[in-house]
Every structure is written in structure tokens, then in C-alpha cells.
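Asker: Residue numbers (UniProt numbering): 1 to 274.
In this text, a Cβ means the ideal position worked out from N, Cα and C, and glycines have one as well.
These numbers were taken from a predicted model, which means no experiment stands behind them.
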Amino acid sequence: MATTTTTMRVPHLGGITVGYRLSGDRYDKTKPTMLLVNPMCTTAALFDNMFTNKKLTDTMNLLAVEPLGHGATTSPTEHFTYWDSAIMTLQLMDNLGINNAFASGASQGAWIVVRMALLAPDKILGLVLTGTSMDSESEESRKTGAWDPHQLLSPLIEEWSSATPTPGFIIGDDLCEMVHDFGFAKSLTQEQETFWTSILKSVYKGDEGRKKLRGALICLLERDSLHLRLRDMKCPVHWLQVGILEIQYQRELTKKSLIYTGKSRQALPTCSGK
Numbered sequence: 001m002a003t004t005t006t007t008m009r010v011p012h013l014g015g016i017t018v019g020y021r022l023s024g025d026r027y028d029k030t031k032p033t034m035l036l037v038n039p040m041c042t043t044a045a046l047f048d049n050m051f052t053n054k055k056l057t058d059t060m061n062l063l064a065v066e067p068l069g070h071g072a073t074t075s076p077t078e079h080f081t082y083w084d085s086a087i088m089t090l091q092l093m094d095n096l097g098i099n100n101a102f103a104s105g106a107s108q109g110a111w112i113v114v115r116m117a118l119l120a121p122d123k124i125l126g127l128v129l130t131g132t133s134m135d136s137e138s139e140e141s142r143k144t145g146a147w148d149p150h151q152l153l154s155p156l157i158e159e160w161s162s163a164t165p166t167p168g169f170i171i172g173d174d175l176c177e178m179v180h181d182f183g184f185a186k187s188l189t190q191e192q193e194t195f196w197t198s199i200l201k202s203v204y205k206g207d208e209g210r211k212k213l214r215g216a217l218i219c220l221l222e223r224d225s226l227h228l229r230l231r232d233m234k235c236p237v238h239w240l241q242v243g244i245l246e247i248q249y250q251r252e253l254t255k256k257s258l259i260y261t262g263k264s265r266q267a268l269p270t271c272s273g274k
């Protein structure tokens, strides 16, 4: 977790404590705002290089938000969806006095910011999506070469289900390696792997950490498809796909999601390098 992450309470789900990071520690209404939502099992620390880029922060406000099940964000309920993270983030924007923003998300981060754009089209000015899919984890997706997370993650959800508290729980090295391989496309240096392993083990420990991690994986596996909603998008969309390094979702699946209409625009450049 980035050391400068702070928290704020919003009312959704009976009161969520949201982990977030804001450049300059305050909102500057004279600048545009870029909202950043991290992918699975990462935190706002993913965006550290952006927050330390003075040229970037002199140009715009950066707001990194940790979704439900991640980082410093906590909720009174174990169960949540990406719609809940979207509503939570919109409420955080209201609390911070941010009327509108551009939004960027990778993988699950994209699922959240698209939901935000559907729920509050007046607040989201444009989207930058990376390495993602707008489908559920469906058989149709797997026919395009997408991964099968049910096979990988369902046994872990069963393993982490407990009727009694688990104060000694800590995330295993096997799942840390899975995050390195799938979340970062096997591109991390040894130093970066060590960093993210320490992050994972600090967030997902004890009974609350077990519940948080289990809830995050259930949220991923059971999420709904957005395909029938996409034509209602109003803002411009720029979609980046990571080519051969994109393990979970292949380019053909992404093409199926590019059915935006109305005022939306979309692009699908492919990045071939690390």
C-alpha cells in the first residue's frame, strides 16, 4: 500500500471506509482530474510512479481508489459487487468535491469505471481501459481464448470458507505468484515481486484479510456481463490491449465488447512490449 494512502467514509453498504490517494493531498478545481482504479489484488501503490511525476501532477489531479476487497478499503459486509465499488467511488468523488473526471482502469479497474460511466454519465468525461473484457467469465469468453478463472480460483474460495474466525490466516505464496504472473503478465523484476508479495501479505492476513480476499475473488467470478449495457455509454473510450502479454483476455474477445454507440468513440491499439 502506498504510504500516502488515506481513508474516507462513504454511506454505501451501511458505511464503507474507502482507501484512496489524491495528488497534492487536496483537490485543485482548476485542473482536470484522472481517476485511477487498480486491478485485482493490487493497491494504489500501483500508481506510485504517476504520483511522483511532477509534470503529470502539475497538469491534473490524480485520484487513485482502492476497490472493495482491496488495500485500505473496508466494508461492514463480506459480500459486494463491482457495482458497489462504482457507487462507492462516485460517493467518494462527491465527498471530495470532484464534479467530474476522466477515469482509467486495468482489468477489474475497467469493470468499475465503466459501471461508473453507466451510473453517472455526467460525472465521467472519458475512459481509458487496459487489458480487460466487458463480458462475464462466460463460456463464450473462453471460446475466444480467455482464461478460465473458475478452475483456478474456485478451489481457493472453498479453502478460505470458514464458519469460525481465522486469526492466523495469511495469503499463500502460490496466490502471490499467480498475481505476479496474471496481474503483471510475468513482467516483474525480482525486486518488484518482493514488493508486491509484501503488499499482498500485509493486506490479506487475519480473519478480516481472509474475508476481504474471498469476497474479492467471488466478486470477480460472479460478475455480470456489460455487453447489453454498453450501447448506453455516453463518454469517449480509449481501449488498450497488451497483445501477447495479455493472458486473461485476448484481442478477439475485446473486439466483441467494442459495441459502443451514441457519442462514444473507441480505439483498440495493441501494445507488443513489456
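Would you mind working out which of ASP224, GLN192, GLU222, PHE182 sits nearest LEU46, comparing C-alpha positions?
Answerer: By one-based count along the sequence shown, residue 46 stands at place 46. Among ASP224, GLN192, GLU222, PHE182, the Cα nearest to that of LEU46 is on GLN192.
Asker: Give the straight-line distance between the Cα atoms of ALA64 and GLU78, rounded to the nearest whole angstrom.
Answerer: Position 64 of the sequence shown holds residue 64. Position 78 of the sequence shown holds residue 78. About 23 angstroms.
Asker: Would you mind sorting HIS12 into buried or exposed? The rule is 16 or more other CB atoms within 10 Å of its CB.
Answerer: Counting from 1 along the sequence shown, the entry for residue 12 is found at position 12. Flag for HIS12 reads buried.
Asker: In angstroms with no decimal places, state the Cα-to-Cα distance between SER133 and SER107.
Answerer: Residue 133 sits at position 133 when you count from the first residue of the sequence shown. Residue 107 sits at position 107 when you count from the first residue of the sequence shown. C-alpha separation (whole angstroms): 7 angstroms.
Asker: Could you spell out the range, first to last residue, of the alpha helix (DSSP H) harbouring ALA64?
Answerer: Translated into the one-based positions of the sequence shown, residue 64 becomes position 64. Note, ALA64: premise wrong, no alpha helix (DSSP H); beta strand (DSSP E) at 61-65.
Asker: Contact between the segment 206-222 and the segment 90-101: three or more CB pairs below 8 angstroms?
Answerer: Too few Cβ pairs lie closer than 8 angstroms, so no.
Asker: Assign THR30 to one of two classes, buried (16 or more other C-beta atoms within 10 Å of its C-beta) or exposed (fewer than that).
Answerer: What you label residue 30 is simply residue 30 of the sequence shown in a count that begins at 1. With fewer than 16 Cβ atoms within 10 Å of its Cβ, THR30 is classed as exposed.
Asker: Taking the continuous beta strand (DSSP E) assigned at residue 275, which residues delimit it?
Answerer: Residue 275 cannot be examined here, being either before or after the span of the chain that is shown, 1 to 274.
Asker: Is it buried or exposed, ASP122, if we count other Cβ atoms within 10 angstroms and call 16 or more buried?
Answerer: As a first step, residue 122 must be located in the sequence shown, where it is residue number 122. With fewer than 16 other Cβ atoms within 10 Å, it is exposed.
Asker: In three-state terms, what does DSSP make of PHE169?
Answerer: The sequence position of residue 169 within the sequence shown is 169, counting from 1. Reduced to three states, the DSSP call for PHE169 is coil.
Asker: What separation, rounded to the nearest whole angstrom, lies between the Cα atoms of ASP181 and THR194?
Answerer: The sequence position of residue 181 within the sequence shown is 181, counting from 1. The sequence position of residue 194 within the sequence shown is 194, counting from 1. Spanning the two alpha carbons is a distance of roughly 13 angstroms.
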